[in-house]
Structure formats: C-alpha cells, structure tokens
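Shown next, in structure tokens, is the structure this report addresses.
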Amino acid sequence: MPTGITEPAAGAPAAAVRGGIRPAVRVRRGERAKEWARRAPLLPALVFLVLVTQLPFLATVVISFTRWNALAPDHRGFAALDNYRAVFTDPAMRASMGTTVLLTVTVVLVSLLLGLGLALLLDRSFRGRGLVRTLLITPFLIVPVASALLWKHALYNASYGLLNGALTWIWGLFGSDSPPQPDWMTNSPLAAVEVSLIWQWTPFMMLILLAGLQSRAADAVEAARMDGASAFDIFRYLTLPHLRRYLELAALLGTVYVVQNFDAVFTLTSGGLGTANLPYTIYQTFYQAHDYGRASAQGVVVVLCSLLVATFALRTVSSLLREEVTT
Amino acid sequence: MTSAPLTPRRGGSLATATRHRRRTGGLLGLAAWLCGIAFFLPVAWMVLTSFHSEADAATNPPSVGAGLSLHGYREFFGAAGGGVSPWPPLLNSLTASVVSTLLVLLLAVPAAYALAIKPVRKWSDVLFFFLSTKMLPLVAGLLPVYLVAQHTGMLDSIWLLVLLYTSMNLPIAVWMMRSFLAEVPVEMLEAASIDGAGLTTTLTRIVAPVAMPGIAATALISFIFSWNELLFARVLTGVVAGTSPVFLTGLVTSQGLFLAKVCAAATVISLPVLLAGFAAQDKLVQGLSLGAVK
Chain Z
22 MPTGITEPAA GAPAAAVRGG IRPAVRVRRG ERAKEWARRA PLLPALVFLV LVTQLPFLAT
82 VVISFTRWNA LAPDHRGFAA LDNYRAVFTD PAMRASMGTT VLLTVTVVLV SLLLGLGLAL
142 LLDRSFRGRG LVRTLLITPF LIVPVASALL WKHALYNASY GLLNGALTWI WGLFGSDSPP
202 QPDWMTNSPL AAVEVSLIWQ WTPFMMLILL AGLQSRAADA VEAARMDGAS AFDIFRYLTL
262 PHLRRYLELA ALLGTVYVVQ NFDAVFTLTS GGLGTANLPY TIYQTFYQAH DYGRASAQGV
322 VVVLCSLLVA TFALRTVSSL LREEVTT
Chain W
455 MTSAPLTPRR GGSLATATRH RRRTGGLLGL AAWLCGIAFF LPVAWMVLTS FHSEADAATN
515 PPSVGAGLSL HGYREFFGAA GGGVSPWPPL LNSLTASVVS TLLVLLLAVP AAYALAIKPV
575 RKWSDVLFFF LSTKMLPLVA GLLPVYLVAQ HTGMLDSIWL LVLLYTSMNL PIAVWMMRSF
635 LAEVPVEMLE AASIDGAGLT TTLTRIVAPV AMPGIAATAL ISFIFSWNEL LFARVLTGVV
695 AGTSPVFLTG LVTSQGLFLA KVCAAATVIS LPVLLAGFAA QDKLVQGLSL GAVK
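Here the protein sequences line up with chains Z and W, keeping their order. Following our numbering from start to finish, the first sequence increments by one per residue and tops out at 348. Following our numbering from start to finish, the second sequence increments by one per residue and tops out at 748.
Next comes the structure, spelled out in structure tokens:
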C-alpha cells in the first residue's frame with residue numbers, strides 16, 4: 022500500500038528507535054499497534070476466504086493449462102492453450118454459453134417485470150396484504166431441488182401433471198373429452214426451465230423492489246397527486262427514478278444467482294434438449310467425462326465472463342453504499 | 455389501466471373522485487390476491503398431493519377432493535415399504551447448515567465489527583473483496599476442491615461441506631452484519647468510552663442489543679443457503695454424507711415415480727426454510743440484498 026499513512030515513515034525512524042525512544046516514535050508505535058488491533062478482527066475471515074475460495078480458483082487456472090483426463094492418467098502433461106482452443110471450438114460449449122445467456126436474460130427480465138408489478142400492487146394497503154405477501158414469497162422459500170421436482174412431476178408431466186389435468190378438467194366442463202395434452206417438457210424444454218425459475222425468482226425481485234418503494238418519500242407523491250399528476254406521471258417521473266437503483270440491484274443479484282443455476286437444469290432436463298447451461302456443462306465435463314483440464318478451462322472462461330457482470334454489480338452496490346455513507 | 459379515477463382535479467367533485475379511487479383500490483387489491491394465489495398454487499398442490507394416496511396423486515383430471523392419506527409421509531420416513539431412511543440425510547443437512555452457520559457468525563461478526571464500527575483504512579476495498587468472491591461461480595473452483603478432498607480422504611465427509619458452506623456464506627454475512635452494525639450510533643460509542651466503558655462492556659451493553667436481530671437474520675440466510683445447496687453436496691458426498699437435496703434427487707429413480715412420496719419429501723425438506731422465512735420476511739430482504747436495501 023504505497024499511499025499508507027504510517028507505512029512510508031516506518032523505515033526511516035527504525036534507527037532512531039534503537040538509539041533512544043523519542044516521544045514521537047512511541048506515539049507512532051502506539052498508532053501502529055492500534056492499526057493492527059483494528060485489523061485483527063478482520064483477519065480470520067479474510068484468511069479463511071482466501072484459503073477456501075481463492076486458492077481453488079488459482080488451482081483451476083493451473084489445471085486448465087494441463088492435459089489431464091482421469092480416464093487416461095498416462096497422458097498427463099502440459100497442454101498450453103489446447104483446452105481453451107477445445108472450449109471455444111466445441112459446439113456443445115458454445116451452445117451452452119448461448120443457453121446460459123438466454124436463460125439468464127429471460128429469467129431475470131421477466132421476473133423483474135413481474136416483481137415490479139407485484140411490488141406496485143403490494144405497495145398499497147388492502148385487506149390481507151400481509152397474507153398475500155406471505156403467499157407470494159413462498160416460491161422463493163421452497164428448496165430449489167424440491168421446486169424443480171414439483172414442476173417436473175406434479176405440474177409439467179404430460180399424463181398426470183396439474184397443467185394437463187386442468188386442461189382436461191376445463192375441456193370436460195364444456196363436454197369435450199379430447200382436451201389438448203401437450204408434453205410441455207419435450208415441446209419447449211428451455212421454456213419449461215425458465216418458467217420454473219421465473220416462478221422462483223419473481224418473489225426475490227418483488228421483495229427488493231417493495232423495500233425500495235417503501236423507502237420512497239410519501240409526501241412527494243401526495244404533493245404530486247394534489248397538483249393533479251396522473252398515476253402514470255407519478256410512476257414515470259417519481260417512482261421509476263427512485264426505483265432505478267433497486268431495479269439495478271435486483272437485476273444484478275438475480276443475474277449472479279441465475280447464471281450459477283444448477284439445480285433446475287440438473288433436475289428438470291438433465292441438460293438435455295438444449296438446456297445445458299455453463300455450470301451444468303462444467304459439471305458434466307468434470308464429473309461424467311472426467312476431463313479435468315478441459316473442465317478447468319471452461320471454469321476459467323466462466324469466471325472471466327462473470328467478472329464482467331460482477332464489475333457492473335459491484336459498481337451498482339457501491340453507489341448504494343456511497344449513498345448510505347453520505348446520508 | 456386508465457389513470458382518470460386517480461386524479462381528483464380541482465374542478466371535479468371530490469366525493470366522486472374518492473369513490474372512484476376506492477373502487478380502483480379494491481380492484482387492485484383483488485388483483486394482488488389473485489396473483490398471490492397463483493404463485494402459491496403450485497406449493498398448495500404439492501402439499502395436497504403429499505396427502506393423497508399414490509393412485510389419487512397421479513390422476514387426470516386432478517382429484518382435488520380425494521380422501522386424505524398419510525401414505526406418502528409413511529413411505530418417505532421409511533416406515534412402509536422398507537425404503538431408505540431419510541433421517542441420515544436430514545441429520546447431515548442439519549449438521550452442515552447449523553455448524554457452518556455458527557462458523558460464519560464466528561468469523562463474520564468480528565470482521566463486520568472492524569469494518570463498521572472502527573473502520574480500518576481502505577475498508578470499502580476489503581468489503582468489496584468479500585463481495586467479489588460471491589460473484590464468482592462456485593463451479594469453477596469445484597474441481598481442485600474435489601481433487602484435494604480425494605487425496606486427503608475428505609470425500610463423502612460432512613465436514614468438507616461445512617467448510618465450503620462457511621466460505622459460501624461468509625461474504626454475504628460480512629456484508630449483512632456490517633450494515634446492521636453500522637446502525638449503532640457513533641455518539642453512543644463515544645459516550646461509553648468517555649464514561650470509561652471497556653471493550654467488553656461496550657460490546658455487551660451497546661453493540662449487542664442493536665446487533666442481535668442482525669445476527670439472527672444473518673444466521674437465517676446462512677442456514678437457508680446451506681440447507682438448499684445441491685451442487686457441492688452432489689459432487690463431494692456419497693452414501694454417508696449425502697444431504698437432503700441429494701436425497702431428494704435420488705427419490706426419482708428407475709423404480710418409477712411415487713408422486714405422493716416425492717411431494718411428501720419435498721414438503722418435509724422445505725418446511726424448515728419455509729417456517730424460518732415466513733418468520734423473518736423483512737430481515738430476509740435486507741440479507742438477500744446484501745444489506746444495501748433497508
């Protein structure tokens with residue numbers, strides 16, 4: 022840290038310390054002890070995180086440059102950029118990149134819009150509001166594997182799932198015994214995954230946006246209404262600008278989690294029919310194909326892509342943080 | 455949606471406008487109720503199906519009014535049909551979630567204290583380092599962890615998961631705790647120090663009362679994420695240390711599908727998180743948004 026306050030001075034007075042303790046040095050030494058006393062509580066957490074999260078990433082980078090398939094142990098060696106070349110030329114890998122982007126963008130955008138609508142609905146008082154909020158957040162609280170199983174078997178299933186069951190029932194009401202019985206998971210597998218994830222993530226978006234709405238100054242809205250502003254004007258010129266940061270935060274946090282999704286893809290389709298996203302593909306390369314070198318290269322590529330998203334995310338959170346510090 | 459009823463303009467009758475507004479408000483309340491029910495419906499269906507017999511669970515059209523049965527739950531808990539007992543995975547999940555949550559608190563509370571109350575220099579850089587570890591996909595660090603575990607005989611051990619879950623939840627916990635601790639008024643700390651209060655007194659008398667709800671919320675979030683985790687558990691555990699989510703994925707096998715049993719299992723395994731989440735809805739928001747939204 023070249024810009025430190027105590028560090029640059031530390032070298033010079035070292036000799037003076039040996040000669041005789043001058044008051045100024047004693048103070049500086051006391052300051053330094055205090056600095057360390059301040060840092061000490063941070064260290065366990067920092068050291069732990071570096072050991073458990075950063076070191077494995079480093080190892081992943083190293084492995085990504087080796088030729089290493091657990092099924093062919095004799096072939097181990099330095100591979101230079103072969104794994105990366107394989108990653109970028111592998112059509113399956115490219116497809117899974119596309120799938121990841123499509124899946125993430127769709128899920129985040131749709132659940133953000135739905136969440137915004139729901140937050141606006143819940144931002145007004147009506148009978149049973151607390152209960153409705155509780156009903157709405159339930160999808161987010163179901164264990165993700167359980168919700169994936171629920172969608173796959175109890176809702177989507179072509180012969181006894183609730184969706185087709187409801188179609189049969191509705192058609193039955195009109196006296197028809199030949200209702201359409203689409204096979205949802207086969208016809209549109211990616212959409213099936215997306216719908217289940219949108220169901221799961223909309224409550225998350227709603228919760229954050231609702232918190233944002235409720236932090237809005239009520240008197241400004243009231244004043245605007247008194248001045249004859251329409252509901253749409255209030256939304257467009259007061260609510261939306263205020264919500265911007267919360268929308269960004271919700272979108273970016275949602276992106277961080279949805280990009281990493283494994284449970285839904287694994288459970289619903291096992292990555293079949295063009296639904297394999299990057300985490301699932303890496304899991305497959307490593308766990309099923311045992312190609313450690315290539316899996317690591319895939320991992321590194323994913324990390325680099327995530328860094329792009331993370332930079333934006335950090336900037337957004339940092340602007341919220343600055344707001345908190347200055348107020 | 456028309457905006458007219460919401461605008462009591464100067465010329466119009468105020469009474470009519472209010473009545474219009476109340477009616478729109480009623481309609482919007484109804485819309486909120488319908489949305490709430492729609493989002494809850496799959497969960498309600500899961501719970502209802504869990505109480506049906508296997509025959510009633512798999513019918514088309516759905517048998518909403520069929521008699522209730524505890525068959526699915528008996529099957530799940532292994533009392534009938536000699537199935538695999540769910541207790542070891544439930545216990546594993548409980549161990550991994552509770553122990554890692556305790557570790558998270560042990561590491562995060564002092565760190566957050568250093569960042570919030572006596573900010574070290576470059577404190578926001580440190581804070582962002584914590585957050586950045588959360589932004590990187592876990593899957594990219596999985597292989598080295600697997601290899602190390604394989605060589606040290608830690609595969610299929612619940613303690614490896616405890617370690618990983620601690621690192622997974624630590625960044626969020628530091629952020630959350632920092633935002634809770636930042637609410638301790640500095641004046642109170644200064645006053646305490648002028649009055650000669652030592653570190654212990656300051657911590658127990660001033661910081662702890664403000665921080666307790668925050669600690670509870672942090673623990674809750676950490677518990678939920680650990681309880682839900684699948685990828686690590688799936689790759690790094692096997693027969694002995696498998697957690698509830700791994701057990702759930704194993705329920706659907708070549709044996710065929712037992713819908714009532716699967717629904718019963720999903721209900722039981724989701725129950726701890728559901729109850730905890732319902733109890734702490736507000737704290738959940740603050741935690742999930744990394745303390746950025748109050």
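Cβ atoms here follow ideal geometry from the backbone N, Cα and C, with glycine treated the same way. Please read all numbers here as calculations on a predicted model, not as lab measurements.
Segment limits, alpha helix (DSSP H) that includes residue i
| i | result |
| --- | --- |
| W:Ser676 | Ala662 to Asn682 |
| Z:Pro65 | Leu64 to Leu70 |
| Z:Tyr308 | Leu299 to Tyr308 |
| Z:Leu264 | Leu261 to Val280 |
| W:Trp613 | Ile612 to Leu635 |
| W:Met435 | Only positions 455 to 748 of chain W appear in the structure, and residue 435 of chain W is not among them; the question remains open. |
| Z:Tyr177 | Careful: Z:Tyr177 lies outside any alpha helix (DSSP H) and carries neither H nor E. |
| Z:Arg246 | Ala239 to Met247 |
| W:Phe686 | Leu685 to Leu690 |
| W:Gln604 | Leu596 to Thr606 |
| W:Ser547 | Trp541 to Ala570 |
| W:Pro794 | For chain W, the structure presents residues 455 to 748; residue 794 of chain W sits outside this window and is missing. |
| Z:Asp254 | Ala252 to Ile255 |
DSSP state of residue i mapped onto helix, strand, coil
| i | result |
| --- | --- |
| Z:Ala54 | helix |
| Z:Asn185 | helix |
| W:Gly741 | helix |
| Z:Thr110 | helix |
| W:Phe584 | helix |
| Z:Glu28 | Residue placement at Z:Glu28 is flagged as unreliable, the pLDDT there being 38, under the threshold of 50; a coordinate-derived value is accordingly withheld. |
| Z:Asn208 | helix |
| W:Thr703 | helix |
| Z:Arg88 | strand |
| Z:Ile42 | Confidence at Z:Ile42 is low in this model, with a pLDDT of 49, below 50, so its placement is unreliable and no value can be given for it. |
| Z:Gly98 | strand |
| Z:Asp284 | helix |
| W:Asp736 | helix |
| W:Asp510 | helix |
| Z:Asp312 | strand |
| Z:Gln121 | First, the residue type needs correcting, since residue 121 of chain Z is Thr and not Gln in the sequence shown. Helix, per DSSP. |
| W:Pro591 | coil |
| Z:Ser217 | helix |
| W:Arg749 | Nothing in the structure corresponds to residue 749 of chain W, since chain W is present only between 455 and 748. |
| W:Gly521 | coil |
| Z:Leu170 | helix |
Cut-off 8 Å between Cβ atoms - residues of its own chain near residue i, not counting five sequence neighbours on either side
| i | result |
| --- | --- |
| W:Met500 | Cys717, Ala720 and Thr721 |
| Z:Leu143 | Arg150, Val153, Arg154, Leu157, Met227 and Leu231 |
| Z:Asp204 | Ala179 |
| Z:Gln202 | Ala179, Ser180, Asn185, Leu188 and Thr189 |
| W:Leu742 | Ile675 |
Test item: CB-CB of residue i and residue j under 7 Å
| i | j | result |
| --- | --- | --- |
| W:Ile675 | W:Leu635 | no |
| W:Val628 | W:Ala734 | no |
| W:Ser523 | W:Ser507 | yes |
| W:Pro496 | Z:Leu171 | yes |
| Z:Val238 | W:Ile723 | The amino acid occupying residue 238 of chain Z in the given sequence is Ala; Val does not appear at that position. Not in contact: Z:Ala238 and W:Ile723 (Cβ atoms no closer than 7 Å). |
| Z:Ser117 | Z:Leu299 | yes |
| W:Val694 | W:Asp610 | yes |
| W:Gly526 | W:Lys715 | yes |
| W:Met758 | W:Leu614 | The question about residue 758 of chain W has no answer here: the residues shown for chain W are numbered 455 through 748. |
| Z:Met206 | Z:Ala212 | no |
| W:Tyr567 | Z:Pro62 | yes |
| Z:Phe283 | W:Leu685 | yes |
Residues of its chain near residue i, where Cβ-Cβ distance is below 6 Å and the 5 sequence neighbours each way are ignored
| i | result |
| --- | --- |
| Z:Ser132 | Ile219, Trp222, Thr223 and Met226 |
| Z:Thr290 | Pro210 and Thr296 |
| Z:Leu141 | none |
| W:Ser517 | Asp510 |
Same chain only: Cβ atoms within 7 Å of residue i, ignoring 5 sequence neighbours per side
| i | result |
| --- | --- |
| W:Leu713 | Thr503, Glu508, Ala511 and Ala512 |
| Z:Val108 | Met114, Arg315, Ala318, Gln319 and Val322 |
| Z:Ile42 | Annotation note: pLDDT 49 at Z:Ile42 (below 50); position unreliable, coordinate value reported separately. No residues qualify anywhere along the chain. |
| Z:Val286 | Val214, Gly292, Thr296, Ala297, Asn298 and Tyr301 |
Partners in chain A for residue i, counting only beta-carbon separations shorter than 7 Å
| i | result |
| --- | --- |
| W:Lys572 | You won't find chain A in this structure, because its protein chains are Z and W. |
Problem set entry | At least 3 beta-carbon pairs within less than 8 Å: the stretch 662-677 of chain W vs the stretch 614-626 of chain W | yes
Exercise. Looking at C-beta atoms only, is the number of pairs between the stretch 675-686 of chain W and the stretch 551-568 of chain W that lie closer than 8 Å three or more?
Worked result: yes
Exercise. Between the stretch 313-321 of chain Z and the stretch 71-90 of chain Z, do three or more beta carbon pairs fall short of 8 Å?
Worked result: yes
Exercise. Should the stretch 118-132 of chain Z be called in touch with the stretch 273-282 of chain Z, which here means at least 3 C-beta pairs below 8 Å?
Worked result: yes
Problem set entry | Segment contact, 8 Å Cβ cut-off, at least three pairs: the stretch 241-249 of chain Z with the stretch 172-184 of chain Z | No, the stretch 241-249 of chain Z does not touch the stretch 172-184 of chain Z.
Exercise. Between the stretch 587-598 of chain W and the stretch 658-669 of chain W, are three or more C-beta pairs nearer than 8 Å?
Worked result: Judged by pairs of C-beta atoms under 8 Å, the stretch 587-598 of chain W does not touch the stretch 658-669 of chain W, as fewer than three such pairs exist.
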